[in-house]
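Here is the structure we will look at.
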Amino acid sequence: MKLIACTEGHSSKIEAFSLEMIAAARSLAQAGDEVVAFFAGRDTEGASASFGAADRLIVARATKSDVIPAETYALLLRDVITAESPGLVLVPYSANGLDVAADIAARTGWPLVSYVNEIKRHGESLTIVAQMYGGKILAECEVQLPAILMINPGAFAEAPPGAITAVSVQTIDADPALTSGKVKMVAIDVPDYADVDLTTAERIVCVGRGIGDEASIDLARNLATMLGAEIAGSRPVVDNGWLPKLRQVGKSGQKVKPKLYLALGVSGAPEHLEGMSQADLIIAVNTDPKAPIFNVAHYGATCDLFDLVANLSDRLRAGSGR
Amino acid sequence: MNILVVLRMIPDSAGELQLAEDGRSIDREWLDFQLNDFDDHALEEAILLKEAGGAKVTAVAVGEGANRVLQMAAARGADEVVALQSEEDAMISSREIAASIAAMARAKSADLVLCGVQSSEDVFGQLAPYVGALLDWPHVSGTNRIVANGAVLRVTQERGAGVAVTYELATPAVLGVQTASKAPRYVSGSKLREASKTPIGRATPESSGFERSAEIITLRLPVQGGSGENLGGNAETVADRLVSILAAKGLARN
Ligand SMILES: Cc1cc2nc3c(=O)[nH]c(=O)nc-3n(C[C@H](O)[C@H](O)[C@H](O)COP(=O)(O)OP(=O)(O)OC[C@H]3O[C@@H](n4cnc5c(N)ncnc54)[C@H](O)[C@@H]3O)c2cc1C
Chain S
0 MKLIACTEGH
10 SSKIEAFSLE
20 MIAAARSLAQ
30 AGDEVVAFFA
40 GRDTEGASAS
50 FGAADRLIVA
60 RATKSDVIPA
70 ETYALLLRDV
80 ITAESPGLVL
90 VPYSANGLDV
100 AADIAARTGW
110 PLVSYVNEIK
120 RHGESLTIVA
130 QMYGGKILAE
140 CEVQLPAILM
150 INPGAFAEAP
160 PGAITAVSVQ
170 TIDADPALTS
180 GKVKMVAIDV
190 PDYADVDLTT
200 AERIVCVGRG
210 IGDEASIDLA
220 RNLATMLGAE
230 IAGSRPVVDN
240 GWLPKLRQVG
250 KSGQKVKPKL
260 YLALGVSGAP
270 EHLEGMSQAD
280 LIIAVNTDPK
290 APIFNVAHYG
300 ATCDLFDLVA
310 NLSDRLRAGS
320 GR
Chain X
0 MNILVVLRMI
10 PDSAGELQLA
20 EDGRSIDREW
30 LDFQLNDFDD
40 HALEEAILLK
50 EAGGAKVTAV
60 AVGEGANRVL
70 QMAAARGADE
80 VVALQSEEDA
90 MISSREIAAS
100 IAAMARAKSA
110 DLVLCGVQSS
120 EDVFGQLAPY
130 VGALLDWPHV
140 SGTNRIVANG
150 AVLRVTQERG
160 AGVAVTYELA
170 TPAVLGVQTA
180 SKAPRYVSGS
190 KLREASKTPI
200 GRATPESSGF
210 ERSAEIITLR
220 LPVQGGSGEN
230 LGGNAETVAD
240 RLVSILAAKG
250 LARN
């Protein structure tokens, strides 16, 4: 059986989760199976230099465009699926993967399971553990092959990077599909990280929707100042306009690895954890003892965040006055 | 422009979720049902597009409490509201409802279908790409801005780390909305009362047409806590402990 691991990268950077997809495929391959990595983009050299853990690499090479719209990615992938008849296609849960996985599932008619954390293979069927309800429930699913899985970043350890032998690389020209595609990229906006770069911050105080309103952000900001920390927010906080986008941590925000991450009123949805679960010290404050943030926290407290901020601020203030 | 916006009612997962006796679903009896957050943004984006360039907005809702949310949609500016019948007490699977949404999009001659980018019940895939693929219309998910210029759409999508990519595509199209261009508006009680007279249409579901799918065997709660230490629920003692933990790690002071 062939297993296709979908990979991604842009701006001459291969996404780390690409190596995770290859590792996931590798872990399911049995004797005689073949792990085929699929890459669409400009940095085909990067793909060839990194995806050595796969048996074979198919690259759809774009010469001009840095970002391949998911629509085009799915179209190119569909051709590969038709040509290769794989038993399993692994797609990362990324901005691209969100569109690609269900698109190819609809067009092949194959089953799809999303937000996958664990996979076990029993011959021609799989049992899968996937996350639902923001990580509060795990669903054990069964699926017959061929199938498509959308896999959470971080669920599998990266495959070792290394070069793939040139004979195992097959190149497709992606330019015609990009030119004729129905979805055309017209601009990329990269923010000015000079304003704030959370990825280099050593200490972060992150507020979630539990903070309630914009005015209350100041309480957390004062605490952050006392701790010499940057203030950050979960997605709803940023969507509500209470903090600027560059201060968002998570899947569509920044991936951070500070020495201290104090999470106040953050539930710990998988998309949030993706951005911060590697922090050295995670302290979570949330009134809901079942909040998934506690699954990654080194210290957890179930008190009201406002009471905690007040008490902690008092103590830190008193300490600094001494 | 004809816009169809899909509103899914899902259990409020901020509260405690309990498993049903069959072990394959959650106990829905005492749960509050609320509009999927992302669908709320999809509705807002639909109304913003209507305000910007004129459009007819049809809101279709599925799940427990659909009528209530449709009245809210009417109060916010939806022109027509339709409840799509769903099985009672069942999870709403995108894979299952995609064919119904595609059929409605055709029947209403929709130019644009807007769905929330995802719902927390969607373990078998996202709605927008399913509907887009079934209709063979272009689709983009994770959008946070949509601008229409006649039949041409400019759509901005989040790609992570603050990077945003703008695409151009022509209608008819399907978009999965992450965030509306503006935060969803509130509606006054009087508007809601007025909108409560809006007649609610009914639609019957189409068969999904997929021969095979995955199946949920069991649901379970994740093992709690990891290896972390629980400091308890008393803010004063927690604060004391945190001060000493931070001090011990050299993190207490600026
Ligand atoms: C494609 C995609 C990308 C995404 N990207 C991101 C991302 O980059 N970052 C991100 O964060 N999310 C992201 N999300 C959203 C994510 O799924 C969650 O919706 C979000 O993380 C929830 O934010 P929250 O924890 O602040 O809010 P909620 O889930 O509403 O949680 C609020 C928490 O506060 C607690 N609380 C309330 N009041 C108090 C109090 N007084 N004291 C203590 N605790 C209290 C509650 O118990 C609750 O657990 C993304 C989603 C998608 C689909």
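Quick note, the sequences are listed as chains S and X, same order.
Here numbering that gives the first Met the number 0 is used: position 15 in the first sequence is 14, and no number is missing along the way.
Here numbering that gives the first Met the number 0 is used: position 113 in the second sequence is 112, and no number is missing along the way.
We treat Cβ as the ideally placed atom computed from N, Cα and C, and that holds for glycine.
- In this structure, the alpha-carbon of G115(X) lies about 44 Å from that of G249(X).
- Of the residues K1(S), E70(S), T164(S), the one whose Cα lies closest to the Cα of D32(S) is K1(S).
- Close partners of A182(X) in chain S (Cβ separation under 8 Å): D238, N239, G240.
- Excluding its 5 nearest sequence neighbours in each direction, P171(X) has C-beta neighbours in its own chain below 6 Å: D110, W136, listed in chain order.
- For M0(S), the nearest beta carbon of chain X is not closer than 8 Å to its own beta carbon.
- The beta carbon of P175(S) sits no closer than 8 Å to any beta carbon of chain X.
- For L307(S), the chain X residues whose Cβ falls inside 7 Å of its Cβ are A234, V237, A238, in order along the chain.
- By the neighbour-count criterion, in which 16 or more other beta carbons inside 10 Å mark a residue as buried, V112(S) falls on the buried side.
- Apart from the 5 residues on each side of it in sequence, F38(S) sits with its Cβ closer than 6 Å to the Cβ of T6, A46, V58 in its chain, given in chain order.
- In the structure shown, the three-state DSSP call for A228(S) is coil.
- For K119(S), the uninterrupted beta strand (DSSP E) segment begins and ends at 111-121.
- Rounded to the nearest angstrom, the gap between the Cα atoms of A73(X) and A194(X) is 6 Å.
- Taking C-alpha positions only, D11(X) is separated from T43(S) by approximately 44 Å.
- Chain S has a Cβ within less than 8 Å of the Cβ of I215(X).
- Of the other Cβ atoms in all chains shown, fewer than 16 fall within 10 Å of the Cβ of K196(X); this residue is therefore exposed.
- Taking 8 Å as the cut-off, the Cβ atoms of I118(S) and I147(S) do not count as close.
- Listed along chain S is no residue with a C-beta nearer than 8 Å to that of R7(X); the closest approach is about 13 Å.
- Separation of the CB atoms of K183(S) and E167(X) is rounded to 5 Å, and the pair is thereby assigned contact status at 8 Å.
- Uninterrupted beta strand (DSSP E) stretches at least 3 residues long and entirely within the stretch 98-182 of chain S occur at 111-121, 124-131, 136-143, 146-150, 168-172, given in chain order.
- If you look at G188(X), you'll find it in the alpha helix (DSSP H) that goes 188-194.
- Sixteen is the threshold: when 16 or more other Cβ atoms of the shown chains lie within 10 Å of the Cβ of R41(S), as they do, the residue is buried.
- Around L133(X), the beta-carbon contacts reaching into chain S at under 8 Å are A105.
- Taking C-alpha positions only, I3(S) is separated from L191(X) by approximately 51 Å.
- Just so you know, the alpha carbons of V99(S) and A65(X) end up roughly 29 Å apart.
- When Cβ-Cβ separations below 8 Å define contact, N148(X) makes no contact with chain S.
- For the stretch 262-315 of chain S, the full-length alpha helix (DSSP H) segments reaching 4 residues or more read 269-275 along the chain.
- Using a Cβ-Cβ cut-off of 8 Å, S212(X) counts as an interface residue toward chain S, since at least one Cβ of chain S sits closer than that to its own.
- Contact note: S119(X) reaches chain S through M131, Y132, G133, using a C-beta cutoff of 7 Å and chain order.
- E15(X) sits in coil when the DSSP states are folded into three classes, being neither helix nor strand.
- I9(X) is positioned such that its CB atom lies closer than 8 Å to that of E120(X).
- Membership of Q156(X) in the beta strand (DSSP E) is indicated by the continuous run 151-159.
- Rounded to the nearest angstrom, the Cβ distance from H271(S) to S233(S) is 5 Å, consistent with a contact under 8 Å.
- Secondary structure note for E44(X): its alpha helix (DSSP H) is the uninterrupted segment 36-52.
- For E15(X), the shortest separation between its Cβ and any heavy atom of ligand 1 does not lie below 7 Å.
- Using a 10 angstroms sphere on the CB of T142(X), the tally of other CB atoms reaches 16 or more, which defines it as buried.
- Neighbours of P137(X) in chain S, taken as residues whose beta carbon is under 7 Å from its own, are E70, K181, V182 in chain order.
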